[in-house]
Amino acid sequence: GAGVSQSPSNKVTEKGKDVELRCDPISGHTALYWYRQRLGQGLEFLIYFQGNSAPDKSGLPSDRFSAERTGESVSTLTIQRTQQEDSAVYLCASSLGGRDTEAFFGQGTRLTVV
Amino acid sequence: QQQVKQSPQSLIVQKGGIPIINCAYENTAFDYFPWYQQFPGKGPALLIAIRPDVSEKKEGRFTISFNKSAKQFSLHIMDSQPGDSATYFCAANNQAGTALIFGKGTTLSVSS
Numbered sequence: 004g005a006g007v008s009q010s011p012s013n014k015v016t017e018k019g020k021d022v023e024l025r026c027d028p029i030s031g032h033t034a035l036y037w038y039r040q041r042l043g044q045g046l047e048f049l050i051y052f053q054g055n056s057a058p059d060k061s062g063l064p065s066d067r068f069s070a071e072r073t074g075e076s077v078s079t080l081t082i083q084r085t086q087q088e089d090s091a092v093y094l095c096a097s098s099l100g101g102r103d104t105e106a107f108f109g110q111g112t113r114l115t116v117v
Numbered sequence: 016q017q018q019v020k021q022s023p024q025s026l027i028v029q030k031g032g033i034p035i036i037n038c039a040y041e042n043t044a045f046d047y048f049p050w051y052q053q054f055p056g057k058g059p060a061l062l063i064a065i066r067p068d069v070s071e072k073k074e075g076r077f078t079i080s081f082n083k084s085a086k087q088f089s090l091h092i093m094d095s096q097p098g099d100s101a102t103y104f105c106a107a108n109n110q111a112g113t114a115l116i117f118g119k120g121t122t123l124s125v126s127s
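Protein chains in written order, with our numbering: chain A, 4 to 117; chain B, 16 to 127.
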């Protein structure tokens, strides 16, 4: 595709429910990242995928958060038993990989937990 | 050690002014320092990036100054315009050369 695509663009869920957020990276990009951006805050790193290597999960805030990626394609971020503090914009980015290649971001999924 | 500290949190300048945004890091293994620009409702987009083997890089009206010994780098916007009003994030790649670590952002407002 032309850019990184995320869906849904907005999600409202009840506290305690599970949610799945989807990211379609740019074709050919081997690296994929998930970040969380709380209102007025910076980008908090969650997880990183690079090709077939084991993902870097060091940023996941709790075991309620998990992510999967099949090959070099779509990724899903799952949040189980959502809490109000999970409300944020979840941003996905992809890149060609390597230490200093440009990361292209999607527009994000705005998650609201009520 | 994995943090990137950014200041100020917000900045207001008049059109034509030169806003300066500063960032500092501790991890000497960081070796790639990009700046991202984010408009409301959009994802961040790469603006300009620098590696520590140079002290300055210019792209149009945007300049990065890098001080390796002080572990600091800054973004200068020359002849700022109202269209530059956005949130700016500095970042650095982490020790494993994987995901970017971002500062908390600076919201810039350029008044006409």
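No residue lacks a Cβ here, since even glycine has one placed at the ideal position from N, Cα and C.
Keep in mind it's a predicted model, so treat the numbers as computed, not measured.
Requested in this report: Assuming Gly19(A) and Arg84(A) form a contact by the criterion Cβ under 8 Å, report the distance between their Cβ atoms to the nearest whole angstrom.
Outcome: In this structure, Gly19(A) and Arg84(A) form a Cβ contact; the two beta carbons are roughly 6 Å apart against a cut-off of 8 Å.
Report task. Reducing DSSP to helix, strand and coil, say where Pro97(B) ends up. Result -> In the displayed model, Pro97(B) falls within a helix according to three-state DSSP.
Query raised in the report: Using CA coordinates, which residue listed in Val117(A), Leu49(A), His32(A) is at the minimum distance from Leu94(A)?
Result: Relative to the Cα of Leu94(A), the nearest Cα in the group Val117(A), Leu49(A), His32(A) belongs to Leu49(A).
Query raised in the report: For Asp3(A), which three-state DSSP category applies?
Result: Residue 3(A) lies beyond the range of chain A shown here (4 to 117); nothing can be said about it.
Query - CB contact check: Asp59(A) to chain B, cutoff 9 Å - result: For Asp59(A), the answer is yes, since a Cβ of chain B falls inside 9 Å of its Cβ.
Report task. Just the C-alpha distance for Gln110(A) and Asn42(B), rounded to the nearest angstrom, thanks. Result -> Their backbone Cα atoms lie some 30 Å apart in a straight line.
Query - Where Gln44(A) falls: helix, strand or coil (DSSP) - result: In the structure shown, the three-state DSSP call for Gln44(A) is coil.
Query - Uninterrupted beta strand (DSSP E) stretches inside the segment 22-101 of chain B (no shorter than 3 residues) - result: As for any beta strand (DSSP E) of minimum length 3 sitting wholly inside the segment 22-101 of chain B, the runs are 25-29, 35-40, 48-53, 60-65, 71-74, 77-82, 87-92, ordered along the chain.
Requested in this report: Give the residues of chain C in contact with Pro67(B), contact being defined as C-beta atoms less than 9 Å apart.
Outcome: Absent from the structure: chain C. Protein chains present are A and B.
Requested in this report: With DSSP collapsed to three states, give me the class of Asp89(A).
Outcome: Helix at Asp89(A).
Query raised in the report: Excluding sequence positions up to five away, which residues of its chain have a Cβ less than 6 Å from the Cβ of Thr81(A)?
Result: Same-chain partners within the cutoff: Glu23, Ser69.
Query raised in the report: Do you know offhand how far Ile63(B)'s Cα is from Thr33(A)'s?
Result: Cα-Cα distance, rounded: 22 Å.
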